[in-house]
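One structure is given below, encoded as structure tokens.
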Amino acid sequence: MTEGSGAVNCFVPGTGRSYDARMIRLVRSLALPLALIACAPPALYHKPGAVPAQIESNLTDCQVAALERVPRDIRTRYIPPQYAPYTYCDGHGYCYTRTRLVRAGYTESYDANDGLRARVVDQCMAQAGYRPVALPQCDPDRVRAAEVAAEAPQPRLDKTSCTVRLPSGAWRIVTPG
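Everything in the sequence shown is counted per the numbering used here, starting at 8 for the first residue and increasing by one.
What follows is the structure, encoded as structure tokens:
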């Protein structure tokens, strides 16, 4: 007991609570924003008067053309393991700093041309008269998905325009009026 406060109970290995608490706080802080992003409607292409079948056809044509112009370039990269330090003390009061594995190393594959291909699709859709729009989701009390015709042409946009998710999972632009 005369070795000072650093050596008292030094032989009890740490439980890593500090690290665990930080990770729990991190996960909790990211959970809400990720949940909100998952519920947000995607960016849609808009052209007044265009019917959904025409939009899908034009989008597919643009995606095929973009894939021909900008082929896939699949690359693999190695993400090294991550370690965190911790202090271990033996029964004689000697303390050592060790590391513990936080995340194992792994490899991941990605398409290096994905971003460029998306820009080519956007350009192609713009040449066909569409523009990408990001609108908020409609208030369910104002617009019901059942009221929106699945094959209705796209309306003109104004400040009340919003998106509604159909039972099929597809998103439609509506202008409540």
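Just so you know, even glycine gets a beta-carbon here, dropped at the ideal spot from N, CA and C.
What does the alpha-carbon distance come out to for the pair residue i and residue j?
| i | j | result |
| --- | --- | --- |
| Asp118 | Tyr103 | 44 Å |
| Val150 | Asp129 | 29 Å |
| Ala2 | His53 | Here the chain comprises residues numbered 8 to 184, so residue 2 is not present and cannot be evaluated. |
| Asp146 | Ile180 | 13 Å |
| Arg105 | Thr83 | 31 Å |
| Arg110 | Ile31 | 15 Å |
| His99 | Tyr93 | 18 Å |
| Ser64 | Pro183 | 26 Å |
| Asp165 | Glu154 | 19 Å |
| Trp178 | Asn120 | 27 Å |
| Thr67 | Tyr95 | 59 Å |
| Asp97 | Gly112 | 30 Å |
| Pro174 | Ala159 | 15 Å |
| Val127 | Glu75 | 11 Å |
Near residue i, what residues of its chain come up, given a Cβ to Cβ distance below 6 Å and the 5 sequence neighbours on each side ignored?
| i | result |
| --- | --- |
| Arg163 | Pro55 |
| Tyr101 | none |
In three-state DSSP terms, what is residue i?
| i | result |
| --- | --- |
| Ile44 | Model confidence at Ile44 stands at a pLDDT of 49, short of 50, so the residue's coordinates are unreliable and nothing is read from them. |
| Leu164 | coil |
| Ser5 | This structure cannot settle anything about residue 5, because the visible part of the chain is limited to 8 through 184. |
| Thr67 | helix |
| Arg138 | strand |
Please report the Cβ distance between residue i and residue j, rounded to the nearest whole angstrom; I am assuming they are in contact, meaning their Cβ atoms lie under 8 Å.
| i | j | result |
| --- | --- | --- |
| Leu108 | Tyr90 | 6 Å |
| Gln161 | Ala57 | 5 Å |
What residue from the options has the CA that sits closest to residue i's CA?
| i | options | result |
| --- | --- | --- |
| Thr114 | Gln70, Pro88, Ile62, Glu63 | Pro88 |
| Gly176 | Ala157, Glu75, Tyr95, Ala125 | Ala157 |
| Ser116 | Asn65, Arg79, Lys166 | Arg79 |
| Tyr137 | Thr182, Glu154, Pro59 | Pro59 |
| Gly122 | Val77, Pro174, Ala159 | Val77 |
| Gln61 | Asp165, Ala135, Val155, Thr167 | Ala135 |
Please work out which residues of its chain come closer than 7 Å, Cβ to Cβ, to residue i, disregarding the five sequence neighbours upstream and downstream, and give them in chain order.
| i | result |
| --- | --- |
| Cys2 | Lying before the first or after the last residue shown, residue 2 is absent from the chain, which here runs from 8 to 184. |
| Ile81 | Ser116, Asp118 |
Grab me the residues of residue i's own chain with a C-beta within less than 8 Å of its C-beta, minus the 5 sequence neighbours each way, in chain order.
| i | result |
| --- | --- |
| Pro139 | Ala50, Leu51, Tyr52, His53, Asp129, Met132 |
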